[in-house]
Amino acid sequence: MRKPVLTALPAVAAVATLVLASCGSGGQPGSGEVRLRMIESLTGPERTKLIKSLIADFERANPGVTVELVSPPLDSADQKITQILQTKKGLDVLEVRDHTAKSFSNNGWLAELPTTDWPGWSDLTELARKKAVEVGGKPYLIPYGFYQRTLFYRTDFGMAGPPATWQELYESGRRMTSGDRFGYSFRGGKGGADYAVMMISAYNGEALNPEKSFYLKDKRTIFSTPEAAQALDLFVKIFKDASPPDSVSWGYPEMVQGFTSGVTGMLIQDPEVIKTVEESGVTAWATAPIPKGPTGYAYQPVGYAGWGVTSFSEHQKQAVALVRFLSEAKQSIAFAKGNSLIPISTRAQDDPQFSQGAWKAYLQAQQDPKQVITIRPVDYPGWSQFLVDSDRDVQALITGKKTTAEVLAAWDAFWADQAKKVS
Amino acid sequence: MNRAFTLRRARFVMLCLLPGVAFVAVFTYYPMIRGAVIAFQRYNLFDVTATPFAGLENFRAVLAEERFWTALRNTGTWVALSLFFQFFLGFGLALLLRRHFPGRALYQAWVFFPWAMSGFLIGLLWRWMFNGQFGVVNDLLLKAGLIDERIGFLATPGWAMTSVIVANIWYGVTFFAIMITAALQSVPGELYEAAAVDGASRTRRFWHVTLPHIRPTLALIVLLRVIWILNFPDLIYSMTGGGPAGGTDIITTFLIQQVIGGDYGRAGAVGLLVLGLLLSFSVFYLNATRFERAR
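Taken in order, these protein sequences are the chains called A and B. Oh and the first sequence: position 259 is 258 in numbering that gives the first Met the number 0, straight run, nothing missing. Oh and the second sequence: position 97 is 96 in numbering that gives the first Met the number 0, straight run, nothing missing.
Encoded structure:
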């Protein structure tokens, strides 16, 4: 017991070194082995399994390269990825989402992906290529698939056909509403403002600038017009006359549950719901493109996420190879199928899954020049704040705490101010 | 005291303490101080390459928001009602658990179970139970003939607050029950026997033997619970997200919204305000309970 300190100190140091070493990047110099570390964001058990099998294929095709996949829980994944990126260490490949792309690239965390020497690039759909370079004009990510909304409707609830306009949706919905049955799966909870914006956009028609979809071609905001007021009034009417009163607080799960349990007759949602509805007891249903405004336009953004490479990766070459591998036709179609996504490969059109049944509505929408894909102002500093504020405003609106005029005035002021900050 | 506290010995003690101190410093104090500093910076996640100091700007912005004050009022309701019912129901349950019956240990473990579950998960469960269309609560009330029409519990401003508080009471009762059971078991049995010999009634025994004995523990549990309930946005966040239209926002869900909005500076400011609030409450409360003891 003479000098316990002398023995304790090295022990502490050794433990500390071990802990720190295990935090660092995995490349072991000298052995010729390259270890890539990859992180996903929209984690789900089935999806992770699929990614792992694709990674295994990649490892087989590239001996000497191993990939370690990190799968943080969905709810905090993007925060976690941000934290790792801030340390600029130990990450090679990552999942970038449409709403994280700008901040990741702004902060210099993403590497530009070379596309010229890659034959897979020309296999991508026009949309995929466009979205790859959407942020900063350089390919900071390759999308792996798209989410776009479509209308789901019951064919046994007395509708002759799907509503083509929001006004028709309101009328069919109101007719369907009686007792415990309602016309429409309204979204009043998280994400509800998105639907209000969808309607306001459609009502603004041709005047809207799809490249900056919260603004008109004459630079005013889409919230400043009389058409916006009409749209928002109808939005409130759809809630009051055609939707469950409880839908004030409905988010994604309740909307879908409302439709699959037979409480509501119409639902506007992403393609992954196709799978859910197929697995539910509902049999008499179909899909159609989303409703349009009075002048025949419908606007919606397309949600996406993709794979990117970090700017500080020590194995750029191998990391880029992995992203390319995942984005090539065979792998990307498998991934889109597994996750019920709109695929990025032009070759998917030959695939029966994407040209039949419920998926046909997407093809229809793609071929309709008045079903326009927009780019939302996700690259404006106030974007995230608006998501939080606007959902709240929608709840205040439908519960009668705010008027249409008040909400529109607030949104107009917010985005007019944002325009000044960006230009 | 034959072992002198020599300099060498002091040095050894310091060295032994070092890893612990370092750990706490790195993982507790550093983030705390960093968070406090952010409150005085213009720190938006949108671009963290430029984060200049902004003085009290964030505090001014937060205090100017009506939502902050709504959240503050809601926090009062949330904490007071949750605490009140958790305390009394928990106390009742503890008194029942004190009796001897077969399988008591197992039963106690079961009672404690909700406390071990994640608040977020509990929130999701209650969110479905309180659902206006498919929720089991509505179903039961309808079948029992207590209501004629489904209630949109989470969709109506008054009901939404009630609903989240009910969920929180359910969650927190067991904590009080277990803590108070433990405290009750520490009351020496002889005291009851002596009181009984002196002819004290059941009520008097409770007031004059049980209560004085467990009072310090009760005071501490209540303080802890106030802090925890205030810092417990999980339930509300997963049940209503603070809605409808801010009707169930408490100060900590308000904070989360600032974080999601990307404005870490403001979030830091709210965090410091919460800290200040809890600190002043704790000081006030501890003073008040010390007064009790002196009496």
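Yeah, the Cβ is synthetic: ideal placement off N, Cα and C, and Gly gets one too. Bear in mind the structure is a predicted one, so any value in this text is a computation, not a measurement.
Under 9 Å between the Cβ atoms of residue i and residue j?
i, j, result
"Asp91 of chain A", "Val308 of chain A", "yes"
"Ala228 of chain A", "Ala404 of chain A", "yes"
"Leu190 of chain B", "Val208 of chain B", "yes"
"Gly292 of chain A", "Ser171 of chain A", "no"
"Asp269 of chain A", "Gln147 of chain A", "yes"
"Ala176 of chain B", "Leu96 of chain B", "yes"
"Gly381 of chain A", "Phe413 of chain A", "yes"
"Gly89 of chain B", "Met13 of chain B", "no"
"Leu53 of chain A", "Leu325 of chain A", "yes"
"Asp388 of chain A", "Gly260 of chain B", "yes"
"Trp306 of chain A", "Ile141 of chain A", "yes"
"Leu123 of chain A", "Ile343 of chain A", "yes"
"Asp155 of chain A", "Ala283 of chain A", "yes"
"Gly261 of chain A", "Arg128 of chain A", "no"
"Arg36 of chain A", "Val64 of chain A", "no"
"Glu253 of chain A", "Asn130 of chain B", "yes"
"Gly246 of chain B", "Met160 of chain B", "yes"
"Val269 of chain B", "Phe67 of chain B", "yes"
"Leu93 of chain A", "Ser177 of chain A", "no"
"Phe222 of chain A", "Leu407 of chain A", "yes"
"Tyr303 of chain A", "Arg46 of chain A", "no"
Straight-line CA distance for residue i to residue j?
i, j, result
"Phe185 of chain A", "Thr224 of chain A", "24 Å"
"Pro18 of chain B", "Ser279 of chain A", "56 Å"
"Ser24 of chain A", "Tyr263 of chain B", "Because Ser24 of chain A carries a pLDDT of 43, less than 50, the predicted location of this residue cannot be relied on, and the following value inherits that uncertainty. One C-alpha to the other measures close to 28 Å."
"Val322 of chain A", "Met128 of chain B", "43 Å"
"Arg149 of chain B", "Met238 of chain B", "18 Å"
"His314 of chain A", "Met116 of chain B", "42 Å"
"Val196 of chain A", "Glu167 of chain A", "18 Å"
"Ala347 of chain A", "Gly356 of chain A", "15 Å"
"Thr155 of chain B", "Tyr170 of chain B", "22 Å"
"Lys189 of chain A", "Arg173 of chain A", "24 Å"
"Ser281 of chain B", "Gln256 of chain B", "26 Å"
"Ala35 of chain B", "Asp378 of chain A", "28 Å"
"Phe334 of chain A", "Ala100 of chain A", "21 Å"
"Ala159 of chain A", "Arg153 of chain A", "10 Å"
"Tyr251 of chain A", "Ala104 of chain B", "42 Å"
"Val258 of chain B", "Gly267 of chain B", "9 Å"
"Leu94 of chain B", "Thr180 of chain B", "7 Å"
"Val393 of chain A", "Ala218 of chain B", "43 Å"
"Lys236 of chain A", "Ile397 of chain A", "9 Å"
"Cys15 of chain B", "Thr27 of chain B", "19 Å"
Quick one: list the residues of chain A neighbouring residue i, beta-carbon separation under 7 Å, in chain order.
i, result
"Gln132 of chain B", "Pro243, Asp245, Gly257, Val262"
"Leu153 of chain B", "Ser248"
Taking the beta carbon of residue i as the centre, do at least 16 other beta carbons fall within 10 Å, making it buried, or is it exposed?
i, result
"Asp248 of chain B", "buried"
"Val172 of chain B", "buried"
"Met31 of chain B", "exposed"
"Lys211 of chain A", "buried"
"Thr252 of chain B", "buried"
"Asp367 of chain A", "exposed"
"Ile146 of chain B", "exposed"
"Thr286 of chain A", "buried"
"Gln85 of chain A", "exposed"
"Leu5 of chain A", "Only weak support is given to the placement of Leu5 of chain A: the predicted model assigns it a pLDDT of 43, under 50, and the value that follows is read from those uncertain coordinates. Answer is exposed; the Cβ neighbour count stays below 16."
"Arg289 of chain B", "exposed"
"Tyr202 of chain A", "buried"
"Glu125 of chain A", "exposed"
"Gly446 of chain A", "Here chain A comprises residues numbered 0 to 422, so residue 446 of chain A is not present and cannot be evaluated."
"Val110 of chain B", "buried"
"Ser185 of chain B", "exposed"
"Ser200 of chain B", "exposed"
"Phe231 of chain B", "buried"
Going along chain B in order, which residues have a C-beta closer than 7 Å to the C-beta of residue i?
i, result
"Lys400 of chain A", "Ala244"
"Gly188 of chain A", "Gly240, Gly242"
"Glu253 of chain A", "Asn130"
What in chain B is Cβ-close to residue i, meaning under 9 Å?
i, result
"Pro380 of chain A", "Asn43, Phe45, Asp46, Gly261"
"Ala395 of chain A", "Pro243, Ala244, Gly245"
"Ser383 of chain A", "Asn43, Leu44, Phe45, Ile259, Gly260, Gly261, Asp262"
Which residues in chain A sit within 8 Å of residue i, going by Cβ to Cβ distance?
i, result
"Gln256 of chain B", "Val387"
"Pro156 of chain B", "Thr398"
**OP:** Write down every uninterrupted run of the beta strand (DSSP E) in the segment 323–401 of chain A whose length is 3 residues or greater and which is fully enclosed by it, in chain order.
**Re:** 370–373
Original post:
Which whole runs of the alpha helix (DSSP H) in the segment 181–253 of chain B are 4 residues long or more, in chain order?
Top reply: 188–196, 201–204, 210–229, 233–238
Original post:
At what residue ranges does the segment 101–183 of chain A contain a whole run of the beta strand (DSSP E), taking only runs of 3 or more?
Top reply: 141–146, 149–153, 181–183
Subject >> Whole beta strand (DSSP E) elements within the segment 91–146 of chain B, 3-residue minimum >> reply: none
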